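UniProt numbering applies: residue 1 is where the sequence shown begins, and numbers increase by one.
Ideal Cβ positions, reconstructed from N, Cα and C, are used throughout, including at glycine.
Since we're looking at a predicted model, the values are computed, not measured.
Taking it in order: structure first as structure tokens, then the write-up.
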Amino acid sequence: MCPKQLLAMELGTHSNVLQTFFSSKSKKNKKVTNLTEEELNNFIRSVITMKPDVIDPFYVLDLGAVKCIMEKWNSKFPQIRPFYAVKCNPEPMFLALLAMMGAGFDCASQAEIEAVVGLGVSPDRIIFASTCKPETHLKYAATVGVNLATYDSSYEVEKIKKWHPKCALLLRIKVGDDNYARRPLGNKFGALPEEIIPLLQAAHTAHLSVVGVAFHLGSAVTHQEAYRFAIASAKTVFDTAIQLGMPRMHILDIGGGFTASPQFEDAAATIKDALESYFGDEPGLEMVSEPGRFFAETSFTLVTNIIGKRVRGNVKEYWINDGLYGSMMNMLHDPDRVIGTVKPLALNSYPDNPTCSRLMTYSSIVYGPIANSLDTVLTNYQLPELNVNDWLVFSEMGAYSASAGSKFNGFDTSAIRTYLAYSNQSSESSICMNGNKV
Ligand SMILES: Cc1ncc(COP(=O)(O)O)c(C=O)c1O
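Structure below.
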């Protein structure tokens, strides 16, 4: 079998990277795939070796993984256009790649709209999917022509009427009792059943057109059957609008909540079946979704450096240079988030065996860098004995990680760099950084 070619470039060479990626995709006999573990490790080593003085944490974005995830989406949901939720991970190259693959975008603020419009994405590929928008952001949306937004209160209707009267609306509804996901959203968002008629009427009276219904069952949905209930509820709202003498709705937005795991198959089967049952004969229906985690979570790997060590009895303690106030902020508000895999890359301690294969492990604690005891990343975790300047690699770190981190103590999460990689089959093996082969 041919060795796989590994290409990587640094953020800042946007167009080069994507052009190389897409031209490689289209070349005969080359198949872009996810990085294997070995390729990922080799790539991480190449980044570290390239800049030996830099021990800052960094991300690796696997472009091939994003492509595979998009293919998975398209195969299961050929009729549902994904509007990627920018809040989940606004990494510009990631957004650019999704845009090139045809995604739309769910933006929740002016900054997110600016990021997407700045890539040259047409504003009709954006939903302003925040139910409560600052007036200035609404004015901006009107200026650039983002003309579709969600709402769930009459105050928002007034605001939109005043600042963006051309905006079409999706009524966001709350579905059920809000226990369908690891991170529920329904306590804050979505119209209650008894609020639906008044909210439809409020928009109609304000001469704003309500073109559809949106729901979001929460992030990382655990009960896939809830999609059926949600789709049935949305159908009721479509019917209610007709009964109220309003124009027929034509957009159904099924929100996010998907994970790139086997559960996605269950979700897709349930959704397909429910759409058939409730919207099978709805004329001209446009179906959209707002997936965030599905695209971002498994596409990014975080690489952190061990900056401190202490040994207390049998327990080894380590400090790394990212933590709960940085990329792992999601662990604070999503305590059930299981850290994917955490693997050592002990380039300092065991240069001949950096993955520490077959080494003895010890109960270990891993702290983040912040002067706050809450910043504890792992407890009672089995690791080989490591030392300062070794690395810890966290997989599946793309969702609500860099986007949610802070600058607490001066550790600036937004400054963490992202390196791009992908794997394809080829007869030669090479690594590129900054667009130049080395
Ligand atoms: C309005 C809206 N859409 C989409 C998303 C993305 O959800 P997920 O990452 O679960 O797909 C969120 C997440 O909070 C959201 O609030």
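Quick check on DSSP: helix, strand or coil for residue i?
{"i": "F21", "result": "helix"}
{"i": "S261", "result": "coil"}
{"i": "T205", "result": "helix"}
{"i": "Q224", "result": "coil"}
{"i": "L98", "result": "helix"}
{"i": "V144", "result": "helix"}
{"i": "A399", "result": "coil"}
{"i": "C167", "result": "coil"}
{"i": "R310", "result": "strand"}
{"i": "A129", "result": "coil"}
{"i": "residue 488", "result": "Summary: the structure shown does not reach residue 488, with the chain confined to residues 1 through 438, and so no result is reported for it."}
{"i": "K235", "result": "helix"}
{"i": "L63", "result": "helix"}
{"i": "Y318", "result": "strand"}
{"i": "S363", "result": "strand"}
{"i": "V175", "result": "coil"}
{"i": "N74", "result": "helix"}
{"i": "P92", "result": "helix"}
{"i": "S122", "result": "coil"}
{"i": "F189", "result": "coil"}
{"i": "K159", "result": "helix"}
{"i": "A115", "result": "helix"}
{"i": "K343", "result": "strand"}
{"i": "F411", "result": "coil"}
{"i": "N42", "result": "helix"}
{"i": "M9", "result": "For M9, the predicted model reports a pLDDT of 49, less than 50, meaning its position is unreliable; a value from the coordinates is still stated below. Here M9 sits in strand by DSSP."}
{"i": "Y422", "result": "strand"}
{"i": "Y350", "result": "coil"}
{"i": "T298", "result": "helix"}
{"i": "V388", "result": "coil"}
{"i": "T240", "result": "helix"}
{"i": "T49", "result": "helix"}
{"i": "T355", "result": "coil"}
{"i": "D281", "result": "coil"}
Out of the options, state which residue places its alpha-carbon closest to the alpha-carbon of residue i.
{"i": "L383", "options": "E286, M328 and K316", "result": "K316"}
{"i": "E37", "options": "V393, E265 and H216", "result": "V393"}
{"i": "E225", "options": "A142, L252 and T270", "result": "T270"}
{"i": "T355", "options": "H216, Y362 and A346", "result": "A346"}
{"i": "Y155", "options": "T131, A108 and N74", "result": "T131"}
{"i": "A404", "options": "L63, N89 and T33", "result": "N89"}
{"i": "F258", "options": "A234, A206, I251 and S219", "result": "S219"}
{"i": "F229", "options": "F264, A274 and I196", "result": "A274"}
{"i": "I55", "options": "I307, I231 and S395", "result": "I307"}
{"i": "P92", "options": "N424, K188, K174 and T418", "result": "T418"}
{"i": "S373", "options": "L324, R183 and V388", "result": "L324"}
{"i": "R183", "options": "L420, Y422, Y400 and I370", "result": "Y400"}
{"i": "L63", "options": "A296, F105 and W391", "result": "A296"}
{"i": "P57", "options": "I320, I69, H164 and N348", "result": "I320"}
{"i": "Y180", "options": "V221, K87, E135 and A103", "result": "V221"}
{"i": "residue 463", "options": "A232, V175, R172 and S109", "result": "No information on residue 463 is available, as it lies outside the stretch 1 to 438 that the chain covers here."}
{"i": "G255", "options": "M287, P165 and V121", "result": "M287"}
{"i": "Y278", "options": "T236, T240, P291 and F264", "result": "T236"}
{"i": "D250", "options": "P262, Q263 and A214", "result": "Note that residue 250 is His in the sequence shown, not Asp. The candidate whose alpha carbon is nearest that of H250 is A214."}
{"i": "A103", "options": "A421, G398 and E290", "result": "E290"}
{"i": "I196", "options": "L244, E135 and T361", "result": "L244"}
{"i": "L200", "options": "S406, L169 and Y227", "result": "L169"}
{"i": "K133", "options": "P123, K159, V117 and V146", "result": "K159"}
{"i": "P193", "options": "A203, S209 and G176", "result": "G176"}
{"i": "T304", "options": "V377, T205, P198 and I127", "result": "V377"}
{"i": "L35", "options": "F300, S363, A267 and N330", "result": "F300"}
{"i": "C107", "options": "L97, P123 and E265", "result": "P123"}
{"i": "M328", "options": "P247, L302 and M360", "result": "L302"}
What are the residues that DSSP puts in a beta bridge with residue i?
{"i": "M287", "result": "I80 and L252"}
{"i": "I55", "result": "Note: I55 sits in no beta bridge, so no partner."}
{"i": "R417", "result": "F58"}
{"i": "G104", "result": "F83"}
{"i": "L138", "result": "Per DSSP, none; premise fails for L138."}
{"i": "S219", "result": "R183"}
{"i": "Q382", "result": "S363"}
{"i": "F394", "result": "L302 and V342"}
{"i": "E33", "result": "Note on residue identity: the sequence assigns Thr, not Glu, to residue 33. Bridge partners of T33: S423."}
{"i": "G212", "result": "L170 and I251"}
{"i": "A149", "result": "F128 and L169"}
{"i": "T376", "result": "Y367"}
With a threshold of 8 Å, establish whether the CB of residue i neighbours any heavy atom of ligand 2.
{"i": "E290", "result": "The model on display carries ligand 1 but not ligand 2."}
Indicate whether at least one CB of chain E lies closer than 9 Å to the CB of residue i.
{"i": "P90", "result": "No chain E appears in the structure shown, which is made up of a single protein chain."}
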